[in-house]
Amino acid sequence: MSKQYLNFVQKLFKYFIFLLFVSNLHASKVIDIKEYLSDIEIVSKYEDRKKGLMNRRSIPNDYGMLFIWPYERKQCMWMKNTYVPLSVAYIDIRGKIIEIYDMVPFSKDSVCSTKAAKYALEVNSGWFEEKDINIGDSIEVKKLFSND
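Just add 64 to wherever you are in the sequence shown, counting from 1, and you've got my numbering.
Structure representation (structure tokens):
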């Protein structure tokens, strides 16, 4: 092998190591959402999911609504008749946050996940950023159904 080729391979290897390091700067974490939200309303029936947080004038900062769909697929939300600016996190079947969006009151535009989601968590707008909860973090969804 030529010396030029070896230098190229070394530089390429260092570059990949650097990329690996940079991609792990924000290490994902596992979140016990009950430590952040004292009131979590779980909605799994179609009519409850359809209504969501419509017509509520405000929600407390420690409140969230968890939407549960019967199957994992791309999901959509909207803000029809919703007074409160909200953030939504789409969550996959394993509990991993796959997308976070801010939503505008009264908008009839759909805010859809681009990946398959089983759950969505709606909270006050900016809540995820304020709590440093990010895409890639995981929520212990099963803990929401226990009394622990």
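From the three backbone atoms N, C-alpha and C, an ideal C-beta is built for every residue, glycine too. Computed from a predicted structure; not experimentally measured.
Inter-residue Cα distance where the pair is residue i and residue j
i: isoleucine 164; j: serine 151; result: 7 Å
i: serine 174; j: lysine 115; result: 14 Å
i: glycine 200; j: isoleucine 157; result: 13 Å
i: proline 134; j: alanine 181; result: 10 Å
i: serine 66; j: methionine 167; result: 57 Å
i: valine 148; j: glutamate 186; result: 11 Å
i: lysine 179; j: lysine 98; result: 25 Å
Environment of residue i [buried if 16+ CB atoms lie within 10 Å]
i: isoleucine 197; result: buried
Secondary structure of residue i, DSSP reduced to three states
i: tryptophan 133; result: strand
i: leucine 163; result: The displayed chain sequence assigns glutamate, not leucine, to residue 163. Of the three classes helix, strand and coil, the one that applies to glutamate 163 here is strand, per DSSP.
i: tyrosine 100; result: coil
i: leucine 208; result: helix
i: lysine 172; result: coil
Rounded distance between the beta-carbons of residue j and residue i, thought under 8 Å
i: glutamine 139; j: tyrosine 127; result: With a Cβ gap of about 21 Å, glutamine 139 and tyrosine 127 do not count as contacting.
Pick from the options that is closest to residue i, judged by C-alpha positions
i: arginine 113; options: Arg137, Ser202, Met141 and Val205; result: Met141
i: lysine 93; options: Glu105, Glu111 and Ile161; result: Ile161
i: phenylalanine 209; options: Ser108, Asn145 and Gln74; result: Ser108
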